[in-house]
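Visitor: My structure is below; once you've seen it, I'll send some questions.
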Amino acid sequence: MAQLNNGVAASVTQKQPLWLLAEVTYRCPLHCAFCYNPTDYDKHTKNELTTEQWISALRDARKMGAIQLGISGGEPLLRDDIEEIVAEAHKLGYYSNLITSGVGLTEKRIQAFKEGGLDHIQLSMHDVTEDISNFITNTRTFELKKKVAAMIKSHGYPMVLNVVIHRYNIDQVGKILEMAEALGADYVELANTQYYGWSLVNRDQLMPTREQLDRAEAATNAFRERVGNKMKVFFVVPDYFADRPKKCMNGWGEVFMIVTANGDVLPCHSARVLPGMTFPNVRENGLEWAWKESPAFTKYRGMEWMKEPCRSCDEKENDLGGCRCQSYLLSGDAEMADPVCTKSPNRHLIDEALVNSQNPLVREQPIIFRTDKNSKKYVEGDKERIAQFHALP
Amino acid sequence: MENNIQHADIYTIALHHRFQWEEAQQSYVILFPEGMVKLHGGAGEILKRVDGKASVGDIVADLKTTFPDAEDIESDILGMFDLAVGKAWLRKLN
Chain P
41 MAQLNNGVAA
51 SVTQKQPLWL
61 LAEVTYRCPL
71 HCAFCYNPTD
81 YDKHTKNELT
91 TEQWISALRD
101 ARKMGAIQLG
111 ISGGEPLLRD
121 DIEEIVAEAH
131 KLGYYSNLIT
141 SGVGLTEKRI
151 QAFKEGGLDH
161 IQLSMHDVTE
171 DISNFITNTR
181 TFELKKKVAA
191 MIKSHGYPMV
201 LNVVIHRYNI
211 DQVGKILEMA
221 EALGADYVEL
231 ANTQYYGWSL
241 VNRDQLMPTR
251 EQLDRAEAAT
261 NAFRERVGNK
271 MKVFFVVPDY
281 FADRPKKCMN
291 GWGEVFMIVT
301 ANGDVLPCHS
311 ARVLPGMTFP
321 NVRENGLEWA
331 WKESPAFTKY
341 RGMEWMKEPC
351 RSCDEKENDL
361 GGCRCQSYLL
371 SGDAEMADPV
381 CTKSPNRHLI
391 DEALVNSQNP
401 LVREQPIIFR
411 TDKNSKKYVE
421 GDKERIAQFH
431 ALP
Chain Z
2 MENNIQHADI
12 YTIALHHRFQ
22 WEEAQQSYVI
32 LFPEGMVKLH
42 GGAGEILKRV
52 DGKASVGDIV
62 ADLKTTFPDA
72 EDIESDILGM
82 FDLAVGKAWL
92 RKLN
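Below, the structure written as structure tokens:
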């Protein structure tokens with residue numbers, strides 16, 4: 041699924057939740073090894089918000105200034121009320137985006153989306169080869185995705201393809217772009233895997249080498265030069281290979297607000313991994329309070345929370361110290377500089393991960409696919425694999 | 002740059018883009034997949050007149066009438082068209 045932190049370009053001084061991401065369900069027919077969804081998602085699959093609760097959340101967020109709506113998951117099409125949600129979103133004036141694997145998109149449904157005023161569909165693709173696509177999703181969905189791409193095009197939608205990039209497909213980037221061109225894509229997002237949720241569990245297996253990354257960037261640039269403006273290609277750089285962290289979510293509580301399947305209101309996709317925090321929930325709290333006043337949203341908003349080396353850093357406004365979740369997941373300290381930063385005392389954790397991922401013994405460990413069975417293990421407290429990422433250095 | 006834009010040209014908002022007033026921001030915006038641009042004052046005034054019927058010349062004349070005190074408004078307007086076409090927010094109809 042998409043990495044959404046490069047989306048909204050706008051002046052944000054008023055701190056409105058311009059982007060509302062509705063993760064309407066965590067159920068999914070795919071089992072992608074790189075999914076950023078929580079590993080314990082299984083506990084949120086039986087208490088999903090109702091249609092009425094979603095519609096009321098859309099209304100409230102719109103009043104607060106939300107304008108871009110992402111309908112995501114899991115696979116949103118596993119719910120049968122997406123048509124209603126889309127139609128309401130259109131009435132409210134959202135620019136609505138359906139973020140889907142394509143599984144469950146039929147002629148009848150896409151027709152209803154069009155009539156309801158859905159603005160665009162973002163389809164995930166995985167590779168040019170059936171083998172790799174089916175392998176990494178742990179399903180046989182490659183041919184279906186190509187059919188869905190054609191359906192999206194034939195209904196006059198802009199075609200936005202999102203391709204999560206990892207070791208197994210990064211060498212195919214040139215061919216992936218050619219496939220996208222052949223399918224008539226208008227936008228392609230090459231989203232290098234960022235390591236949260238399932239992708240963190242499988243980090244050593246998914247991480248490409250720097251040489252692979254350089255070749256992929258060169259292939260992307262060559263493609264851009266050839267096709268020009270006809271197709272926009274975004275290359276989301278993997279932060280482990282950078283010297284400075286990403287400005288995660290454009291800042292905590294700055295422009296993004298996520299409502300999850302069970303109603304939790306989050307400033308980012310993975311915030312629930314942070315210890316000692318209670319997040320608002322639309323069943324009990326108003327969205328306005330959640331955004332403006334809740335302890336969870338105010339905790340890391342701005343720069344007050346920072347400690348050294350961020351506090352006195354002359355670059356702190358560029359990245360706001362990076363990602364709180366990544367800092368916690370790798371170092372055990374949510375308030376430390378993102379370990380990606382070379383000024384962080386924890387940078388060695390990133391460098392070690394880069395080395396480890398090239399260790400043939402580690403690479404051969406089996407991938408843990410995102411399945412209900414595996415998720416139940418995490419819910420039930422089989423935290424063995426997670427614990428190694430929480431461990432302090 | 003600005004000589005790319007002719008008075009006779011007719012533009013409309015590009016496919017898959019939407020132009021609308023945003024109450025919460027007190028400004029016009031252009032929306033497109035995964036993004037949004039906020040249009041400050043003058044830019045919004047120009048683009049709200051782009052309707053697939055009015056020519057650039059019509060829009061210049063209209064804005065000159067609406068804002069008689071604004072100086073050298075024409076080059077600003079043509080500059081905005083140039084930017085909007087360059088960013089693919091607008092599509093030329095003729």
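As you go down the protein sequences, you meet chains P and Z in turn. So for the first sequence, this note's numbering puts the first residue at 41; every next one is plus one. So for the second sequence, this note's numbering puts the first residue at 2; every next one is plus one. Cβ coordinates follow ideal geometry from the N, Cα and C atoms, glycine included.
Measuring alpha carbon to alpha carbon, tell me which residue in Val-38(Z), Ile-60(Z), Lys-88(Z) is nearest Asp-77(Z).
Guide: As a first step, residue 77(Z) is located in the second sequence; it is residue number 76 there, counting from the start. Selected option, being the one with the closest Cα: Ile-60(Z).
Visitor: Please identify, using Cβ separations under 8 Å, the residues of the stretch 93 to 112 of chain P that lie next to chain Z, in order along the chain.
Guide: Cβ contacts with chain Z: Lys-103, Met-104, Gly-105, Ile-107, Gln-108.
Visitor: Looking only at its own chain, which residues have a Cβ that is under 6 Å from the Cβ of Lys-286(P), when we skip the five neighbours before and after it?
Guide: Locating residue 286(P) in the first sequence gives position 246, where the first residue counts as 1. Counting only Cβ-Cβ distances below 6 Å, and skipping sequence neighbours, we find Asp-279.
Visitor: Counting only C-beta atoms, is Gly-47(P) closer than 8 Å to chain Z at any point?
Guide: Stepping through the first sequence from its first residue, residue 47(P) is reached at position 7. A caution first: Gly-47(P) carries a pLDDT of 37, below 50, which makes its placement in the model too unreliable to give a value.
Visitor: For Ile-133(P), which residues in chain Z fall below 7 Å Cβ to Cβ?
Guide: Counting from one through the first sequence, the residue named residue 133(P) turns up at place 93. Inspection of the sequence shows that residue 133(P) is occupied by Gly rather than by Ile. Chain Z residues near Gly-133(P): Gln-21.
Visitor: Roughly how far, in whole angstroms, is the beta-carbon of Tyr-66(P) from the beta-carbon of Gly-114(P), given that I think they are within contact range, below 8 Å?
Guide: Against the first sequence, residue 66(P) aligns to sequence position 26. Against the first sequence, residue 114(P) aligns to sequence position 74. The pair is a contact, with the Cβ atoms about 4 Å apart (cut-off 8 Å).
Visitor: With a threshold of 8 Å, are at least 3 pairs of Cβ atoms found where one atom belongs to the stretch 204 to 218 of chain P and the other to the stretch 255 to 262 of chain P?
Guide: Touching, per the Cβ criterion.
Visitor: Closer than 8 Å by beta-carbon distance: list the chain P residues that pair up with His-8(Z), in chain order.
Guide: Your numbering for residue 8(Z) matches position 7 in the second sequence. Here the premise fails: no neighbours, minimum Cβ distance about 25 Å.
Visitor: Name the chain P residues whose beta carbon is nearer than 7 Å to that of Ala-119(Z)?
Guide: This structure leaves residue 119(Z) out entirely; chain Z is present only between 2 and 95.
Visitor: Does the beta carbon of Ala-25(Z) sit closer than 8 Å to a beta carbon anywhere in chain P?
Guide: By 1-based counting over the second sequence, the position of residue 25(Z) is 24. Judged by the 8 Å Cβ criterion, Ala-25(Z) is in contact with chain P.
Visitor: Buried or exposed: which applies to Trp-329(P), given that a residue is buried once 16 or more other Cβ atoms fall within 10 Å of its Cβ?
Guide: Taking the first sequence and counting its residues from 1, the one referred to as residue 329(P) is at position 289. Exposed, by the Cβ-count rule.
Visitor: So for Ser-56(Z), helix, strand or coil by DSSP?
Guide: By 1-based counting over the second sequence, the position of residue 56(Z) is 55. In this structure, Ser-56(Z) counts as strand in the three-state DSSP scheme.
Visitor: Any beta-carbon of chain Z closer than 8 Å to the one on Tyr-227(P)?
Guide: By one-based count along the first sequence, residue 227(P) stands at place 187. It does: the Cβ of Tyr-227(P) has a partner Cβ on chain Z nearer than 8 Å.
Visitor: Taking C-beta to C-beta, are Tyr-368(P) and Val-305(P) nearer than 8 Å?
Guide: If you number the first sequence from 1, residue 368(P) lands on position 328. If you number the first sequence from 1, residue 305(P) lands on position 265. Their beta carbons are not under 8 Å apart, which means Tyr-368(P) does not touch Val-305(P) by this criterion.
Visitor: In the DSSP assignment, find the beta strand (DSSP E) that holds Phe-296(P) and state where it starts and stops.
Guide: Numbered from its first residue, the first sequence carries residue 296(P) at position 256. Residues 296 to 299.
Visitor: Please state the DSSP three-state secondary structure of Gln-27(Z).
Guide: Position 26 of the second sequence, counting from 1, holds the residue named residue 27(Z). In the structure shown, Gln-27(Z) sits in coil (DSSP, three-state: anything other than H, G, I, E or B).
Visitor: At the level of alpha carbons, what is the spacing between Asp-167(P) and Ala-55(Z)?
Guide: To locate residue 167(P), count along the first sequence from 1; it is residue 127. To locate residue 55(Z), count along the second sequence from 1; it is residue 54. Spanning the two alpha carbons is a distance of roughly 45 Å.
Visitor: Return the CA-CA distance between Ile-205(P) and Tyr-134(P), expressed in angstroms with no decimal places.
Guide: If you number the first sequence from 1, residue 205(P) lands on position 165. If you number the first sequence from 1, residue 134(P) lands on position 94. The alpha-carbon atoms of Ile-205(P) and Tyr-134(P) are separated by roughly 29 Å.
Visitor: Please say whether Leu-230(P) and Ile-192(P) have beta carbons closer to each other than 8 Å?
Guide: As a first step, residue 192(P) must be located in the first sequence, where it is residue number 152. As a first step, residue 230(P) must be located in the first sequence, where it is residue number 190. Cβ atoms of Ile-192(P) and Leu-230(P): not closer than 8 Å.
Visitor: Evaluate the contact criterion for the stretch 365 to 384 of chain P versus the stretch 330 to 349 of chain P: three or more CB pairs, one atom per stretch, below 8 Å.
Guide: Touching, yes, given that three or more Cβ pairs across the two stretches are closer than 8 Å.
Visitor: Which of the three DSSP states, helix, strand or coil, is assigned to Thr-318(P)?
Guide: Counted from its first residue, the first sequence places residue 318(P) at position 278. The answer is coil: DSSP assigns Thr-318(P) none of H, G, I, E or B.
Visitor: Residues of chain Z with CB under 8 Å from Leu-369(P), in chain order?
Guide: As a position in the first sequence, residue 369(P) is number 329, starting the count at 1. Within chain Z, no residue comes near Leu-369(P); the closest Cβ sits about 26 Å away, beyond 8 Å.
Visitor: Leaving out five residues on either side along the sequence, give the residues of the same chain with a beta carbon under 8 Å from the beta carbon of Asp-52(Z).
Guide: Taking the first residue of the second sequence as position 1, residue 52(Z) is located at position 51. Cβ neighbours of Asp-52(Z) beyond the five flanking positions: Thr-13.
Visitor: What is the rounded straight-line gap between the Cα of Gly-110(P) and the Cα of Leu-138(P)?
Guide: For the purposes of this step, residue 110(P) is taken as residue 70 along the first sequence, with counting starting at 1. For the purposes of this step, residue 138(P) is taken as residue 98 along the first sequence, with counting starting at 1. Distance between the alpha carbons of Gly-110(P) and Leu-138(P): 6 Å.
Visitor: Go through the stretch 268 to 312 of chain P residue by residue and report every complete run of the beta strand (DSSP E) that reaches 3 residues or more, in order.
Guide: With a minimum length of 3 residues, the continuous beta strand (DSSP E) runs that stay inside the stretch 268 to 312 of chain P are 272 to 276, 296 to 299.
Visitor: With H, G and I counted as helix, E and B as strand and the rest as coil, what does DSSP make of Ile-192(P)?
Guide: For the purposes of this step, residue 192(P) is taken as residue 152 along the first sequence, with counting starting at 1. In the structure shown, Ile-192(P) sits in a helix (DSSP, three-state: H, G or I).
Visitor: Name, please, each residue of chain P whose Cβ falls closer than 8 Å to the Cβ of Met-81(Z).
Guide: Position 80 of the second sequence, counting from 1, holds the residue named residue 81(Z). Under the 8 Å cutoff, chain P gives no residues; its nearest Cβ is about 17 Å from Met-81(Z).
Visitor: Out of Ile-298(P), Arg-410(P), Gly-303(P), Pro-320(P), which one is the CA nearest neighbour of Ser-310(P)?
Guide: As a position in the first sequence, residue 310(P) is number 270, starting the count at 1. Among Ile-298(P), Arg-410(P), Gly-303(P), Pro-320(P), the Cα nearest to that of Ser-310(P) is on Ile-298(P).
Visitor: How about Tyr-227(P) and Pro-69(Z): are their beta carbons less than 8 Å apart?
Guide: Against the first sequence, residue 227(P) aligns to sequence position 187. Against the second sequence, residue 69(Z) aligns to sequence position 68. No, the Cβ-Cβ distance between Tyr-227(P) and Pro-69(Z) is not below 8 Å.
Visitor: Can you give me the Cβ contacts of Trp-292(P) inside the same chain, cut-off strictly under 6 Å, excluding the 5 residues immediately before and after it?
Guide: The sequence position of residue 292(P) within the first sequence is 252, counting from 1. Once the five neighbours on either side are set aside, the close Cβ partners of Trp-292(P) are Pro-307, Tyr-340, Arg-341.
Visitor: Shorter than 8 Å from the beta carbon of Leu-32(Z) to some beta carbon of chain P?
Guide: Position 31 of the second sequence holds residue 32(Z). Closer than 8 Å: yes.
Visitor: So is the beta-carbon of Val-276(P) under 7 Å away from any non-hydrogen atom of the ligand FAD?
Guide: As far as ligands go, the structure on display features none, and thus does not contain the ligand FAD.
Visitor: In whole angstroms, what separates the C-alpha of Ala-127(P) from that of Cys-350(P)?
Guide: Residue mapping note: residue 127(P) aligns to position 87 of the first sequence, counting from 1. Residue mapping note: residue 350(P) aligns to position 310 of the first sequence, counting from 1. Going by the C-alpha atoms only, they are around 44 Å apart.
Visitor: In the DSSP assignment, find the beta strand (DSSP E) that holds Val-419(P) and state where it starts and stops.
Guide: Taking the first residue of the first sequence as 1, we reach residue 419(P) at position 379. Taken as a continuous stretch (DSSP letters only), Val-419(P) belongs to no beta strand (DSSP E), being part of the alpha helix (DSSP H) at 412 to 419.
Visitor: Can you tell me where the beta strand (DSSP E) with Met-37(Z) in it begins and where it stops?
Guide: The residue you call residue 37(Z) lines up with position 36 of the second sequence. It spans 36 to 40 - the beta strand (DSSP E) in which Met-37(Z) sits, taken as one unbroken run.
Visitor: What is the DSSP secondary structure of Leu-94(Z), reduced to helix, strand or coil?
Guide: Counting from 1 along the second sequence, the entry for residue 94(Z) is found at position 93. It is coil, neither helix nor strand.
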